[in-house]
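Student:
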Amino acid sequence: MSLMARITEGKSYHWWSRMAAMTGKELLQLGRDTVLVCAVLYLFTLDVMMAGGVKMDLNQGAIVVHDADHSMASRELIYRFQPPYFKLSGEILNEKEGIQLLDQGETLVVLDIPPKFQHDLLQGKPTAVQVQVDASNTVLGTLAASYSAQIIGQYGFDAALQRIGLTADSMETIPMLADRHRVWYNPNQKDAWFMSISELLTVITILAMMLPAAAAVREKERGTIEQLLVSPLTPMQIMLPKVISMTLVILLGTALSLGLILHGVFEVPMKGSLPLFFLVTALYTFAMSGLGLFISTMSRNLAQAAMLVIMIMMPIILLSGAWTPPEAMPEIIRQAMYFSPLYYYIEMGYGILLKGAGLDVLWDSLIGLGLLGSLIFSFGVWRFKRQFG
Amino acid sequence: MNINRVKALAFKEWREILRDRLFFSLAFVVPISMMLVFGYGIKLDVENIPFAILDQDRSAMSRDYLHLFIDSRYFDYQGDVGNENEIDDLIADSKIRFAIIVPPKFQETLLSGRPIAVQSLIDGTFPFRTSTSKGYVAAINNAFNTQLLTAYISQKMGTTPEQAAAFVSPIKVQLRYLYNQEIKSIWSIAPAMMMFILLMTPPFLTALGVVREKENGSIYNIYSSTVTRGEFLIGKLLPYVAISCINVIILWLMAIFVFGAPFKGNPLFFFAASVIYVTCTTGIGLLVSLFARTQISAMMITVVVTIVPAVLYSGLLVPIASMDEASQFEAHLFPAMYYTDIALGSFLKGIGMEELWTRVAALLLYTVVLWVASYNLFHKRVKA
């Protein structure tokens with residue numbers, strides 16, 4: 001019995017030492033590819049930083065004015081188009097000029113104030129202001145339109161109040177709603193918080209799939225897989241170290257990115273538990289590397305693998321809900337989101353980092369990712385074993 | 390430059406691509422499926438926002454007010470909550486994106502002619518959705534205010550409700566959406582997707598094609614042959630440019646016939662500009678392949694230099710005009726932005742060479758710089 005025990009012990013010792021050796025080999029191989037290391041470093045640091053610099057809201061949209069009235073009232077209205085949303089970029093003399101500027105993309109909005117604007121306003125006659133918006137970019141177009149309408153509406157409202165002799169002080173005496181909103185988790189609505197986290201999660205997604213896939217396909221393409229197959233290593237021992245080493249690299253990169261960029265540059269409040277975040281990241285990386293392994297069994301060379309990675313990555317990112325709100329999607333696509341591992345990861349990533357949510361809130365997402373992840377991973381392992389077993 | 394050698398090389402490369410069936414089919418399948426997935430999948434309109442209500446007044450007036458939200462197609466009513474703590478949990482779990490709290494004595498205060506504050510709690514995780522939700526809430530509040538004020542004025546000044554309504558909002562806003570009257574976001578997205586796909590796929594194909602020869606060692610056949618540097622680069626890349634040109638036509642047809650985007654510009658001009666663009670993006674792949682020794686690093690660099698600018702610096706999701714100065718400067722360094730202008734201009738605005746020549750010139754300059762740099766960096770002699 002004791003002999004059996006010693007043999008088993010020896011076996012498990014060999015199993016683990018082989019695993020360690022292979023993991024070391026993968027890390028060494030990665031470390032020697034300087035260009036690749038630089039690319040990975042870049043993705044985790046500068047790239048996340050660049051993404052954080054991008055603003056999503058309308059910011060200083062150019063507006064030109066055709067003022068046919070040239071009165072106090074028209075000037076007052078024009079001066080209400082101020083940064084951050086708008087930037088006055090000049091006056092034009094006729095409508096044609098406005099169209100030309102819109103065509104060339106020099107301006108986003110053309111505001112047209114009719115003659116007798118002040119006169120009508122003082123007389124209490126209805127008047128109309130024309131707003132032309134470049135809607136070739138629909139997001140920007142709708143934002144610009146709604147902000148302009150708000151500004152003009154507020155101006156009209158104020159003018160009306162002034163006419164009946166109400167000032168800011170006497171506002172206390174009319175029945176009105178005051179809109180008090182509180183924005184949670186990101187009170188100043190800093191786009192950088194959203195963008196940098198989103199970019200980090202995307203980078204993790206790309207690398208978690210690409211690195212293991214590439215590490216496996218490279219062995220196939222160069223023929224070194226034959227050497228591994230004639231060695232005493234089992235398919236599991238060939239494959240797992242690739243996943244483990246790449247997961248390590250990704251976790252390191254994530255730590256670097258969290259510390260240097262998200263915390264250091266953008267001051268994202270890390271409200272939740274960081275160990276939980278790393279745990280979730282490790283789980284996610286494992287799930288995605290399962291897809292990577294699956295790809296590596298499908299392809300004979302890296303070019304094929306790269307194309308397949310893109311093919312699979314696109315729907316995963318799209319269905320994640322980061323760019324397109326789930327509730328705006330058709331029912332079928334909303335159901336399909338449950339099959340995107342990134343959907344759960346985004347939910348938990350933002351939940352932990354911004355909202356400070358813990359397991360009590362996120363358990364359902366964690367179970368979802370766990371189930372989907374083990375499914376994907378075992379599928380990848382199964383394909384790999386079948387090909388090399 | 391010997392034209393026969395270029396032909397031979399291009400033919401060899403073409404054959405190699407053709408024989409790798411999976412690669413060859415993916416070269417067309419990837420762009421097409423990207424177009425389909427994004428075209429049908431990207432929806433930037435914010436609708437059906439899930440929200441909850443905390444009504445502390447429970448009066449006829451508060452119900453009237455809250456029904457403005459419940460009946461709106463922009464909102465998706467999830468139910469009433471009993472207290473503020475419940476709202477916290479619902480928002481933390483992403484079950485709702487915002488909540489409206491109507492304070493006690495809502496009706497009483499308003500009927501007695503005094504103002505009252507209504508609070509809304511909005512989830513700030515996704516800024517675009519936050520500002521849209523905020524805008525919708527403000528719009529509904531304004532509508533309700535207009536009602537209140539109209540009633541107040543008609544009562545106070547003794548006018549009819551119609552007169553009072555005209556008095557409250559004296560200025561009508563005539564909105565005109567140019568180029569995309571119905572604001573169909575797919576009309577903007579389809580041309581932008583052409584930019585995105587044609588920025589990503591050509592460098593991938595090219596970089597992998599060149600680095601594969603380096604990694605497998607077959608490039609030594611070229612080093613030791615009589616083929617000159619220029620002949621090699623042109624012969625090698627010609628098939629990739631050709632594939633991308635075919636993709637230009639496929640994607641263009643898809644944008645028009647599958648997604649129904651109008652094409653108002655000059656097809657010839659657009660095609661010529663697109664050929665310059667894909668030659669340029671192929672050049673990116675070429676330059677990358679000269680730095681990378683392994684295919685995996687070629688792949689990663691391509692991701693770095695294409696996907697990021699394509700998503701962030703092209704105007705696809707984030708308008709260039711909205712960026713801060715540093716980002717705007719960076720955007721000008723990538724070719725994506727210029728082609729977005731050309732694509733949107735040709736599709737929606739119906740403008741051509743006259744207005745867009747600066748963009749075409751920028752792309753051309755970009756292409757020349759990339760190819761000259763690659764030519765100078767490519768050596769037939771291996772460094773010791």
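Respectively, the protein sequence lines represent chains S and F. Residues 1 to 389 in our numbering are what the first sequence lists, from first letter to last. Residues 390 to 773 in our numbering are what the second sequence lists, from first letter to last. Built from N, CA and C at the ideal position, the CB exists for glycine as well.
1. Measuring CA to CA, which of S:Thr281, S:Lys271, S:Phe277, S:Leu276 is closest to S:Met246?
2. Name the chain S residues whose beta carbon is nearer than 9 angstroms to that of F:Gly524?
3. Buried or exposed: which applies to F:Lys396, given that a residue is buried once 16 or more other Cβ atoms fall within 10 Å of its Cβ?
4. Looking at chain S, is there any beta carbon in it that lies within less than 8 angstroms of the beta carbon of F:Leu766?
5. Note down, in chain order, all residues in the segment 205-226 of chain S with a beta-carbon under 7 angstroms from any beta-carbon belonging to chain F.
6. Please state whether the Cβ-Cβ distance between F:Val562 and S:Val110 is less than 8 angstroms.
7. Cutting at 7 angstroms between CB atoms, please list the residues of its own chain near F:Leu626, excluding the five before and the five after it.
8. For S:Thr403, list the residues DSSP reports as bridge partners.
9. Distance cutoff 8 angstroms, beta carbons only. Does F:Val616 sit that close to anything in chain S?
10. Decide yes or no for the touch test of the segment 683-703 of chain F against the segment 32-46 of chain S: beta carbon pairs closer than 8 angstroms, at least 3 of them.
11. Taking only beta-carbon atoms, is S:Pro241 less than 8 angstroms away from chain F?
12. Compute the distance between the beta-carbons of S:Ala145 and F:Tyr728, then report whether it is under 8 angstroms.
13. For a minimum of 4 consecutive residues, which ranges assigned as the alpha helix (DSSP H) are wholly contained in the segment 676-739 of chain F?
14. Going along the segment 495-512 of chain F in order, which residues come within less than 7 angstroms of chain S, judged by CB to CB distance?
15. Measuring CB atoms only, is the segment 276-291 of chain S touching the segment 57-72 of chain S, in the sense that at least three cross pairs come out at less than 8 angstroms?
16. Is there a Cβ from chain S that is less than 8 angstroms from the Cβ of F:Tyr727?
17. Does DSSP put F:Tyr629 in a helix, a strand or coil?
18. By a C-beta neighbour count over all protein chains shown, 10 Å radius and 16 as the cutoff for buried, is F:Trp746 buried or exposed?
19. When we look at the beta-carbon of S:Tyr185 and count the other beta-carbons within 10 Å, is it buried (16 or more) or exposed?
20. Could you give the distance in angstroms between the alpha-carbon of S:Phe86 and the alpha-carbon of S:Ile151?
21. Just the C-alpha distance for S:Thr45 and F:Phe723, rounded to the nearest angstrom, thanks.
22. Between which residues of its own chain and S:Glu76 is the CB-CB distance below 8 angstroms, once the five residues before and five after are set aside?
23. Taking Cβ positions, are F:Arg394 and F:Gly624 nearer each other than 8 angstroms?
24. Taking the Cβ atom as the reference point for each residue, do S:Val309 and S:Met239 lie within a distance shorter than 8 angstroms?
25. So what does DSSP say about S:Arg180, is it helix, strand or coil?
26. Ends of the alpha helix (DSSP H) at F:Ser422?
27. With a cut-off of 8 angstroms, does the C-beta of F:Ser558 fall near any C-beta of chain S?
28. I think F:Leu679 touches F:Phe585, with their Cβ atoms under 8 angstroms apart; what is that distance to the nearest whole Å?
29. Are the CB atoms of S:Ala216 and S:Leu274 nearer to each other than 8 angstroms?
30. Am I right that S:Gln237 and S:Met22 are in contact with their C-beta atoms under 8 angstroms? What's the rounded C-beta distance?
31. For S:Gln189, go through chain F and note every residue whose CB falls closer than 8 angstroms to its CB, in chain order.
32. With DSSP collapsed to three states, give me the class of S:Glu91.
33. Would a check of beta-carbon distances place F:Asp465 closer than 8 angstroms to chain S?
34. In terms of residues, what are the limits of the beta strand (DSSP E) holding F:Gln467?
35. Can you name the residues of chain F whose CB is closer than 9 angstroms to the CB of S:Leu359?
36. Give the DSSP bridge partners of F:Val507, in chain order.
Tutor: To lay it out plainly:
1. Start at 1 with the first residue of the first sequence, and residue 246 of chain S comes out as number 246. Ranking the options by Cα distance to S:Met246, first place goes to S:Thr281.
2. As a position in the second sequence, residue 524 of chain F is number 135, starting the count at 1. Ordered by position in chain S, the residues that pass the 9 angstroms Cβ test against F:Gly524 are Leu143, Ser146, Tyr147, Gln150.
3. On the second sequence, position 7 is the one that residue 396 of chain F refers to. By the neighbour-count criterion, in which a residue is buried when 16 or more other Cβ atoms sit within 10 angstroms of its Cβ, F:Lys396 is exposed.
4. By 1-based counting over the second sequence, the position of residue 766 of chain F is 377. So, not an interface residue.
5. Within the segment 205-226 of chain S, the qualifying residues are Ile206, Met210, Ala214, Arg218.
6. Within the second sequence, residue 562 of chain F is the residue found at index 173, counting from 1. Within the first sequence, residue 110 of chain S is the residue found at index 110, counting from 1. Result no, Cβ atoms of F:Val562 and S:Val110 do not sit closer than 8 angstroms.
7. Reading the second sequence from its first residue, position 237 is the one you call residue 626 of chain F. Counting only Cβ-Cβ distances below 7 angstroms, and skipping sequence neighbours, we find Thr595, Thr671, Leu675.
8. Any property of residue 403 of chain S remains undetermined from this structure, which presents chain S solely from 1 to 389.
9. Along the second sequence, one-based indexing puts residue 616 of chain F at 227. For F:Val616, the answer is no, since every Cβ of chain S falls outside 8 angstroms of its Cβ.
10. With a cut-off of 8 angstroms, the segment 32-46 of chain S and the segment 683-703 of chain F count as touching, because enough Cβ pairs lie within range.
11. The residue given as residue 241 of chain S occupies position 241 in the first sequence. It does not; no Cβ of chain F falls within 8 angstroms.
12. As a position in the first sequence, residue 145 of chain S is number 145, starting the count at 1. As a position in the second sequence, residue 728 of chain F is number 339, starting the count at 1. Not closer than 8 angstroms, so no.
13. The qualifying runs are 684-691, 697-701, 714-722, 725-733.
14. Cβ contacts with chain S: Leu499, Gly502, Arg503, Pro504, Ile505, Ala506, Val507, Gln508, Ser509, Leu510, Ile511, Asp512.
15. Segments in contact, no.
16. The sequence position of residue 727 of chain F within the second sequence is 338, counting from 1. So, not an interface residue.
17. Stepping through the second sequence from its first residue, residue 629 of chain F is reached at position 240. F:Tyr629 sits in a helix when the DSSP states are folded into three classes.
18. As a working mapping, residue 746 of chain F is identified with position 357 in the second sequence. With fewer than 16 Cβ atoms within 10 Å of its Cβ, F:Trp746 is classed as exposed.
19. Position 185 of the first sequence, counted from the start, is the residue given in the question as residue 185 of chain S. Buried, by the Cβ-count rule.
20. To locate residue 86 of chain S, count along the first sequence from 1; it is residue 86. To locate residue 151 of chain S, count along the first sequence from 1; it is residue 151. Between the alpha carbons of S:Phe86 and S:Ile151 lies a gap of roughly 11 angstroms.
21. Here residue 45 of chain S corresponds to residue number 45 of the first sequence, with the count starting at 1. Here residue 723 of chain F corresponds to residue number 334 of the second sequence, with the count starting at 1. When only Cα atoms are considered, S:Thr45 and F:Phe723 end up about 20 angstroms apart.
22. Taking the first residue of the first sequence as position 1, residue 76 of chain S is located at position 76. Contacts found: Tyr155.
23. If you number the second sequence from 1, residue 394 of chain F lands on position 5. If you number the second sequence from 1, residue 624 of chain F lands on position 235. Closer than 8 angstroms, so yes.
24. Position 309 of the first sequence, counting from 1, holds the residue named residue 309 of chain S. Position 239 of the first sequence, counting from 1, holds the residue named residue 239 of chain S. Result no, Cβ atoms of S:Val309 and S:Met239 do not sit closer than 8 angstroms.
25. Counting from 1 along the first sequence, the entry for residue 180 of chain S is found at position 180. DSSP places S:Arg180 in strand when its eight states are reduced to three.
26. By 1-based counting over the second sequence, the position of residue 422 of chain F is 33. For F:Ser422, the enclosing alpha helix (DSSP H) has its first and last residue at 410-430.
27. Within the second sequence, the letter at position 169 stands for residue 558 of chain F. Yes, its Cβ sits closer than 8 angstroms to a Cβ of chain S.
28. The residue you call residue 679 of chain F lines up with position 290 of the second sequence. The residue you call residue 585 of chain F lines up with position 196 of the second sequence. That pair is no contact at about 25 angstroms.
29. Position 216 of the first sequence, counting from 1, holds the residue named residue 216 of chain S. Position 274 of the first sequence, counting from 1, holds the residue named residue 274 of chain S. Pairing S:Ala216 with S:Leu274 gives a Cβ-Cβ distance that is not under 8 angstroms.
30. Translated into positions along the first sequence, residue 237 of chain S becomes position 237. Translated into positions along the first sequence, residue 22 of chain S becomes position 22. Confirmed, about 6 angstroms.
31. Your numbering for residue 189 of chain S matches position 189 in the first sequence. Listed along the chain, the chain F residues whose CB falls inside 8 angstroms of the CB of S:Gln189 are Gly513, Pro516, Thr519, Ser520.
32. For the purposes of this step, residue 91 of chain S is identified with residue 91 of the first sequence, where counting begins at 1. DSSP places S:Glu91 in strand when its eight states are reduced to three.
33. Numbered from 1 along the second sequence, position 76 holds the residue referred to as residue 465 of chain F. Interface residue, yes.
34. In the second sequence, the residue the question calls residue 467 of chain F occupies position 78. Here the beta strand (DSSP E) through F:Gln467 covers 464-469.
35. Translated into positions along the first sequence, residue 359 of chain S becomes position 359. Residues of chain F whose Cβ lies closer than 9 angstroms to the Cβ of S:Leu359 do not exist, since the nearest Cβ in that chain is about 12 angstroms away.
36. Position 118 of the second sequence, counting from 1, holds the residue named residue 507 of chain F. Paired residue(s): S:Asp179.
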